[in-house]
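Trainee: Same order as they appear, the protein sequences are chains A and B. Here the first sequence is numbered in UniProt numbering, starting from 1 and rising by one per residue. Here the second sequence is numbered in UniProt numbering, starting from 1 and rising by one per residue. Note that beta-carbon positions come from the ideal geometry of N, C-alpha and C, so glycine has one too. The structure displayed is predicted, hence computed values, not measured ones.
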Amino acid sequence: MIDVHEGGISSTVQDLGRTGHYHIGMPPSGAMDEYAHTVANYLVGNDADAATIEMTYQGITATFDDDAVIAITGADMSPELNGDPIGSWETVAVEAGDELSVQFATDGARAYLAVAGGIDVPEVMGSRSTYTLVGIGGHEGRGLEAGDELSVGEPPNGSVDLVGTRLPDEYIPEYADENAVRIVVGLTSYRLTDEARATLCDAEWTVSAEADRVGYRLEGPDLEFEEREQPFGAGTDPSNVVDLGYPIGSIQVPQQPIVLMQDAVTGGGYATVGTVISADRGLLAQRQTHKTVSFESVDVEEAIDARTRRSERLKEIRSVIDG
Amino acid sequence: MSETITINSPMPGVFYRRPDPEEAPFVEPGDSVDAGETIGLVEVMKNFHEIETDRAGTVSEFLVGDEAEIEADQPLVEIDAA
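The following block contains the structure:
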């Protein structure tokens, strides 16, 4: 059991997400930075889909009732065990009674705490991910708070042997340097003027304070829309279209862009002018409020290549860790 | 013996010195504060996070203005600890 003393700002249990229910309006949820989540699991011997704790901007403080094997990846949140610093992106042994305290993020926005055996909350619709907007999944459908107790699953064989493993530096992202995210322009991008389509990729966008698991609201130049006759079923705002489904990562433009993230609504009537590719969504999720982002346009083939390269990299990491 | 402590923001966001635009600031320079007392709010991800002092003392100076955009770890206020 893990006893939570401080929940941090927004810490939730997440796995790879709740797939297969998009058609009923259920977003996938799941780790915002899938790469960091997966590596954390690999470091403790779990499979990629074990549930971790995603901590945003500030980590949790908790004690462990039993011996455990843990790893913290993602944003650098200066974790400490009984007051002594421990490394991120490495496998650490925890003894019963130890206190883990995770500070605030200095590089990146989200850190992942994996425990050998995974966080054992009940599955809801096939996933342990928390979806706070409707209060399902994870621990009671909400962010962690003081007094919460979390069960841990049965650790996989050999997890103790991984203690002391450190991910080689070449696999550790420097989030502060990751300003560019790749997008595929499309969907209803025809609604933008030519100039606005160019601006979308030329501008430097700033992540606003309203950037969370639902969406990343970005600030920058106004994007202008083509004049049009309002179609039947669409709203009066120039950015309205007849309703459409919103892919995760899609960039809707009520005025300024909002990139829809893991907990986003699945459809609606704003023009969506492009989509952040899946391989780069984790990097966007690690951009802190007030940091800048620029969009680099790629085609669908390049997006799929990037996804394939990332899966291969994760496979490589698994074999490096398992030796 | 007194010691000046600085409270840093745990996160980026917008710093507010008041609980509500209509209300008075939580504390002003010269006010004495107790450990655990709220000295301001930081808004990020549509949440307002209370910034508390973990030491009692006297507020000496605010290092950022009301409604300032702040970075993670940015110093917010100095307190002469009692």
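#1: What's the call for residue 255(A), buried or exposed, on a 16-neighbour Cβ count within 10 Å?
#2: Please compile the residues from chain B whose C-beta is within a distance smaller than 8 Å of the C-beta of residue 5(A).
#3: Would you tell me roughly how many angstroms separate the C-alpha atoms of residue 216(A) and residue 14(B), rounded to the nearest one?
#4: Would you decide whether residue 122(A) is buried or exposed? Buried here means 16 or more other CB atoms lie within 10 Å of its CB.
#5: Within 10 angstroms of the Cβ of residue 290(A), are there 16 or more other Cβ atoms? Answer buried if so, exposed if not.
#6: Within the 8 Å Cβ cut-off, does residue 258(A) reach chain B?
#7: Does the count of Cβ pairs from the stretch 38 to 58 of chain A and the stretch 9 to 27 of chain A closer than 8 Å reach three?
#8: Just to confirm the assignment, what range does the alpha helix (DSSP H) spanning residue 124(A) have?
#9: Classify residue 28(B) as helix, strand or coil using the three-state DSSP reduction.
#10: Please report the residue range of the alpha helix (DSSP H) in which residue 41(A) lies.
#11: When you compare the CB of residue 13(B) with every CB in chain A, is at least one pair closer than 8 Å?
#12: Check each candidate in 144(A), 207(A), 120(A) and name the one with the smallest Cα separation from residue 154(A).
#13: Let me know the beta strand (DSSP E) ranges lying completely inside the stretch 185 to 262 of chain A, each 3 residues or longer, listed in chain order.
#14: Inspect the beta-carbon positions of residue 162(A) and residue 43(A) and report whether they are closer than 8 Å.
#15: Which residue's Cα is closest to the Cα of residue 205(A): 117(A), 295(A), 189(A)?
#16: Tell me the rounded alpha-carbon separation between residue 50(B) and residue 189(A).
#17: Would you tell me roughly how many angstroms separate the C-alpha atoms of residue 5(A) and residue 200(A), rounded to the nearest one?
#18: From what residue to what residue does the alpha helix (DSSP H) around residue 74(A) run?
#19: Would you mind stating whether residue 25(B) and residue 61(B) have Cβ atoms separated by less than 8 Å?
#20: What three-state label does DSSP hand residue 131(A) in the structure shown?
#21: Among the candidates 282(A), 165(A), 80(A), 31(A), whose CA atom is the shortest distance from the CA of residue 131(A)?
#22: Of all the CB atoms in chain A, is at least one closer than 8 Å to the CB of residue 73(B)?
#23: What residue from 222(A), 225(A), 223(A), 241(A) has the CA that sits closest to residue 231(A)'s CA?
#24: Residues in its own chain within less than 7 Å of residue 41(A) by CB, not counting five upstream and five downstream?
#25: Using a C-beta to C-beta distance shorter than 8 Å, which residues of chain B count as neighbours of residue 210(A)?
#26: Could you name the residues of chain A that residue 50(B) contacts, counting a contact when the two beta carbons are closer than 8 Å?
#27: Buried or exposed for residue 2(B), please, with buried defined as at least 16 other CB atoms from any protein chain shown within 10 angstroms of its CB.
#28: Any idea what DSSP makes of residue 23(A), helix, strand or coil?
#29: Any chance the stretch 67 to 82 of chain A sits against the stretch 31 to 50 of chain B, with 3 or more Cβ pairs inside 8 Å?
#30: Where does residue 151(A) sit, in a helix, a strand or coil, going by DSSP?
#31: When you compare each of 194(A), 258(A), 226(A), 20(A) to residue 207(A) by their alpha carbons, which one comes out closest?
#32: Give the single residue among 322(A), 2(A), 3(A) whose Cα lies nearest to the Cα of residue 164(A).
Mentor: This is what the structure holds:
#1: Here residue 255(A) is taken as the residue at index 255 of the first sequence, counted from 1. Residue 255(A) comes out exposed.
#2: Locating residue 5(A) in the first sequence gives position 5, where the first residue counts as 1. Scanning chain B for C-beta atoms nearer than 8 Å to the C-beta of residue 5(A) yields nothing, as the closest lies near 15 Å away.
#3: The sequence position of residue 216(A) within the first sequence is 216, counting from 1. The sequence position of residue 14(B) within the second sequence is 14, counting from 1. Across the structure, residue 216(A) and residue 14(B) are spaced so that their CA atoms are roughly 16 Å apart.
#4: In the first sequence, counting from the first residue as 1, residue 122(A) sits at position 122. Burial call: exposed.
#5: Indexing the first sequence from 1 puts residue 290(A) at position 290. The residue is buried, with at least 16 neighbouring Cβ atoms inside 10 Å.
#6: What you label residue 258(A) is simply residue 258 of the first sequence in a count that begins at 1. So no, residue 258(A) is outside the interface.
#7: The stretch 38 to 58 of chain A is in contact with the stretch 9 to 27 of chain A.
#8: Against the first sequence, residue 124(A) aligns to sequence position 124. First-last for residue 124(A): undefined, no H or E at that position.
#9: The sequence position of residue 28(B) within the second sequence is 28, counting from 1. Correct three-state label for residue 28(B): coil.
#10: What you label residue 41(A) is simply residue 41 of the first sequence in a count that begins at 1. Start and end: 34 to 43.
#11: As a position in the second sequence, residue 13(B) is number 13, starting the count at 1. For residue 13(B), the answer is yes, since a Cβ of chain A falls inside 8 Å of its Cβ.
#12: Position 154 of the first sequence, counted from the start, is the residue given in the question as residue 154(A). The residue with the shortest Cα to Cα distance from residue 154(A) is 120(A).
#13: Taking only runs of at least 3 residues, the beta strand (DSSP E) segments lying wholly in the stretch 185 to 262 of chain A are 205 to 211, 215 to 219, 240 to 245, 250 to 252, 258 to 260.
#14: Within the first sequence, the letter at position 162 stands for residue 162(A). Within the first sequence, the letter at position 43 stands for residue 43(A). A contact, by the Cβ cut-off of 8 Å.
#15: What you label residue 205(A) is simply residue 205 of the first sequence in a count that begins at 1. The residue with the shortest Cα to Cα distance from residue 205(A) is 295(A).
#16: Walking along the second sequence from the start, residue 50(B) turns up at place 50. Walking along the first sequence from the start, residue 189(A) turns up at place 189. A straight-line Cα-Cα distance of about 41 Å links residue 50(B) and residue 189(A).
#17: In the first sequence, the residue the question calls residue 5(A) occupies position 5. In the first sequence, the residue the question calls residue 200(A) occupies position 200. Distance between the alpha carbons of residue 5(A) and residue 200(A): 44 Å.
#18: For the purposes of this step, residue 74(A) is taken as the residue at position 74 of the first sequence. Careful: residue 74(A) lies outside any alpha helix (DSSP H), inside the beta strand (DSSP E) at 68 to 76.
#19: Here residue 25(B) corresponds to residue number 25 of the second sequence, with the count starting at 1. Here residue 61(B) corresponds to residue number 61 of the second sequence, with the count starting at 1. No, the pair does not count as a contact, with Cβ atoms beyond the cut-off.
#20: Taking the first residue of the first sequence as 1, we reach residue 131(A) at position 131. Residue state, collapsed to three classes: strand.
#21: The residue you call residue 131(A) lines up with position 131 of the first sequence. Here the closest residue by C-alpha is 31(A).
#22: In the second sequence, the residue the question calls residue 73(B) occupies position 73. Closer than 8 Å to some Cβ of chain A, the Cβ of residue 73(B) qualifies, so yes.
#23: As a first step, residue 231(A) must be located in the first sequence, where it is residue number 231. Here the closest residue by C-alpha is 241(A).
#24: By one-based count along the first sequence, residue 41(A) stands at place 41. Counting only Cβ-Cβ distances below 7 Å, and skipping sequence neighbours, we find 47, 48, 50, 52, 114.
#25: For the purposes of this step, residue 210(A) is identified with residue 210 of the first sequence, where counting begins at 1. Within chain B, the residues near residue 210(A) are 45, 46.
#26: Along the second sequence, read from residue 1 onward, the residue named residue 50(B) stands at position 50. In chain order: nothing, as chain A lies at least about 11 Å away.
#27: Walking along the second sequence from the start, residue 2(B) turns up at place 2. Exposed, since its Cβ has fewer than 16 Cβ neighbours within 10 Å.
#28: Numbered from 1 along the first sequence, position 23 holds the residue referred to as residue 23(A). Shown here, residue 23(A) sits in a helix according to DSSP, grouped into three states.
#29: Segments in contact, no.
#30: Taking the first sequence and counting its residues from 1, one reaches residue 151(A) at position 151. It is coil, neither helix nor strand.
#31: Stepping through the first sequence from its first residue, residue 207(A) is reached at position 207. The shortest C-alpha separation from residue 207(A) is found at 258(A).
#32: Position 164 of the first sequence holds residue 164(A). Taking only the C-alpha atoms, the option nearest residue 164(A) is 322(A).
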